[in-house]
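A.B. asks: The sequence shown: position 130 = 129 (numbering that gives the first Met the number 0), numbered continuously. Sending over a structure as structure tokens; questions will come in a sec.
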Amino acid sequence: MQDPKDDSEIASTEAEDSLGQEFNLPVDEHEEVVSEGGRQVRLRGVYLLPNLLTLGALFAGFYAIIAGMSGNFNEAGWAIVVAGICDGLDGRIARLTNSQSAFGAEFDSMSDMVCFGVAPSLIIFSWAFESLGNLGWAASFIYVSCAALRLARFNVQLGTVDKRFFVGLASPVAAGLVTFVPWVASKYDIEVTSLVSYSAAVLTVFAGLLMISNYRYYSFKLKGTVPYIFFVFAVLVLGITAQRPHEVFLLTTIAYATSGPANWLYRRQFTERSDARN
Numbered sequence: 000m001q002d003p004k005d006d007s008e009i010a011s012t013e014a015e016d017s018l019g020q021e022f023n024l025p026v027d028e029h030e031e032v033v034s035e036g037g038r039q040v041r042l043r044g045v046y047l048l049p050n051l052l053t054l055g056a057l058f059a060g061f062y063a064i065i066a067g068m069s070g071n072f073n074e075a076g077w078a079i080v081v082a083g084i085c086d087g088l089d090g091r092i093a094r095l096t097n098s099q100s101a102f103g104a105e106f107d108s109m110s111d112m113v114c115f116g117v118a119p120s121l122i123i124f125s126w127a128f129e130s131l132g133n134l135g136w137a138a139s140f141i142y143v144s145c146a147a148l149r150l151a152r153f154n155v156q157l158g159t160v161d162k163r164f165f166v167g168l169a170s171p172v173a174a175g176l177v178t179f180v181p182w183v184a185s186k187y188d189i190e191v192t193s194l195v196s197y198s199a200a201v202l203t204v205f206a207g208l209l210m211i212s213n214y215r216y217y218s219f220k221l222k223g224t225v226p227y228i229f230f231v232f233a234v235l236v237l238g239i240t241a242q243r244p245h246e247v248f249l250l251t252t253i254a255y256a257t258s259g260p261a262n263w264l265y266r267r268q269f270t271e272r273s274d275a276r277n
């Protein structure tokens with residue numbers, strides 16, 4: 000005997016199909032098969048909350064481009080921060096609400112490319128690269144290309160790498176490393192000289208290469224409880240950030256970006272010493 004609930008679901012689906020045909024909707028309805036409660040379910044439409052966060056990140060990245068190209072590097076920096084927060088939340092919200100989907104994963108990748116690939120390169124170009132000519136756009140393009148490669152590699156490595164670490168610098172951190180320099184410079188009215196422009200180009204290429212490197216970075220995906228001192232430290236950091244946000248963001252991204260090569264050098268030296276003792 001067929002479950003009455005199944006009959007109602009079938010009737011609802013048929014009603015939706017006939018409604019769509021009646022109005023001849025110009026946009027096709029998205030459908031995909033997802034896992035809910037251990038069984039495969041055909042999903043019509045998209046999950047709202049996580050995709051709204053992804054859309055918010057995309058809007059922030061777009062606004063960062065507009066602000067940066069207009070010379071407003073303060074708003075561009077804040078927009079990248081907002082994009083990073085939304086990007087960090089959408090995946091977690093999807094997992095907590097069991098609303099993960101292939102559509103959401105692809106949408107997130109497209110958003111990340113705009114927010115952390117295209118936006119930072121255009122912001123730093125508008126700030127310091129216009130006087131460099133071909134070198135300026137080459138440095139920006141190298142960064143964009145590395146961001147695309149980083150995101151593609153991340154997607155194909157899902158489920159096959161140690162979740163405690165990222166392989167290569169995460170694109171949001173690389174974006175911060177590139178974007179926060181103009182932000183801090185504008186706060187302190189630093190003049191963009193030839194030396195500053197060339198240094199910014201080196202930094203941009205360096206950030207791009209770190210994204211596609213094999214350096215391991217801690218993901219800080221903590222599970223369970225942590226010592227109380229971590230909470231106290233977090234409160235102190237938030238207090239300092241509230242007073243000097245741009246400096247704290249820049250110093251934090253620099254410290255995190257250099258932690259990968261530093262950890263690699265430390266492990267290499269430790270291994271060589273262990274081999275020498277044996």
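Virtual Cβ for every residue (Gly too), placed ideally from N, Cα, C.
Where do the N-terminal and C-terminal ends of the alpha helix (DSSP H) with Arg91 fall, by residue?
C.D. replies: Where Arg91 is concerned, the enclosing alpha helix (DSSP H) stretches over Phe72 to Leu95.
A.B. asks: Nearest to Asn50 by alpha carbon, out of Leu95, Asp107 and Asn71?
C.D. replies: Residue Asp107 is the option with its Cα nearest to Asn50.
A.B. asks: Over what stretch of residues does the beta strand (DSSP E) that includes Tyr217 continue unbroken?
C.D. replies: That run of the beta strand (DSSP E) goes Arg215 to Tyr217.
A.B. asks: Can the beta-carbon of Ala233 be found closer than 8 Å to that of Gly135?
C.D. replies: No. Outside cutoff.
A.B. asks: For Val143, does the three-state DSSP call read helix, strand or coil?
C.D. replies: Reduced to three states, the DSSP call for Val143 is helix.
A.B. asks: Shortest alpha-carbon distance to Asn71 belongs to which of Val183, Phe165 and Ala173?
C.D. replies: Closest by alpha carbon: Val183.
A.B. asks: Alpha carbon to alpha carbon, how far is Val60 from Phe124?
C.D. replies: A small fix is needed here, since residue 60 is Gly in this sequence, not Val. If I take the Cα positions, the gap works out to 15 Å.
A.B. asks: By DSSP's criteria, Val180 is part of a beta bridge. Which residues make up the other side?
C.D. replies: Its beta-bridge partners do not exist; DSSP assigns none.
A.B. asks: Return the Cβ separation of Ile92 and Leu48 in integer angstroms, given the expectation that the two are a contact with Cβ distance under 8 Å.
C.D. replies: Yes, Ile92 and Leu48 are in contact; Cβ-Cβ is about 6 Å, under 8 Å.
A.B. asks: Quick check on the burial criterion: 16 or more other C-beta atoms within 10 angstroms. Buried or exposed for Arg266?
C.D. replies: Answer is exposed; the Cβ neighbour count stays below 16.
A.B. asks: Can you give the beta carbon distance from Phe140 to Ser196, rounded, assuming they're within the 8 Å contact cut?
C.D. replies: Going by Cβ atoms, the distance from Phe140 to Ser196 rounds to 16 Å, so no, they are not a contact pair.
A.B. asks: With a threshold of 16 other CB atoms inside 10 Å of the CB of Leu176, please say whether the residue is buried or exposed.
C.D. replies: Buried.
A.B. asks: Sorted by chain position, which residues of the same chain lie with C-beta nearer than 6 Å to Ser110's C-beta, five sequence neighbours on each side aside?
C.D. replies: Closer than 6 Å at the Cβ level, and outside the excluded window around Ser110, lie Thr53, Ala56 and Leu57.
A.B. asks: Which residues in the same chain have their Cβ closer than 8 Å to the Cβ of Asp89, if we skip the five residues on either side of it in sequence?
C.D. replies: Taken in chain order, the residues that qualify are Pro49, Asn50, Leu52, Thr53, Ala56, Gly103 and Asp107.
A.B. asks: When you compare only the Cα positions, how much space is there between Leu237 and Val180?
C.D. replies: Answer to the nearest angstrom: the Cα atoms are 20 Å apart.
A.B. asks: Of the residues Ala174, Ser100 and Ala146, which one's Cα is nearest the Cα of Gly76?
C.D. replies: Of the listed residues, the one whose Cα sits closest to Gly76 is Ala174.
A.B. asks: Can you pull the DSSP bridge partners for Val166?
C.D. replies: BP columns for Val166 point to Arg215.
A.B. asks: Rounded to whole angstroms, what's the CA-CA distance from Leu150 to Ser185? Just pull it up for me.
C.D. replies: Each residue's Cα considered, the two are about 30 Å apart.
A.B. asks: Considering only their Cβ atoms, is the gap separating Val172 from Ala78 smaller than 8 Å?
C.D. replies: The answer is no: Cβ separation not under 8 Å.
A.B. asks: Please state the DSSP three-state secondary structure of Leu264.
C.D. replies: Of the three classes helix, strand and coil, the one that applies to Leu264 here is helix, per DSSP.
A.B. asks: Report the option in Ala169, Gly116, Pro244 and Val81 whose CA atom is closest to the CA atom of Ser212.
C.D. replies: Ser212 has its Cα closest to that of Ala169, out of Ala169, Gly116, Pro244 and Val81.
A.B. asks: Could you tell me if Pro119 is buried or exposed, where buried requires 16 or more neighbouring beta carbons within 10 angstroms of its beta carbon?
C.D. replies: Burial call: buried.
A.B. asks: Return helix, strand or coil for Lys186, following the three-state DSSP convention.
C.D. replies: Three-state result, Lys186: helix.
A.B. asks: Per DSSP, what kind of secondary structure is Val236 in: helix, strand or coil?
C.D. replies: In this structure, Val236 counts as helix in the three-state DSSP scheme.
A.B. asks: Given this structure, state the Cα-to-Cα distance separating Leu24 from Ile253, to the nearest angstrom.
C.D. replies: In this prediction, Leu24 has a pLDDT of 45, which is less than 50 and means its spatial position is unreliable; what the coordinates show is noted afterwards. Their Cα atoms are separated by approximately 49 Å.
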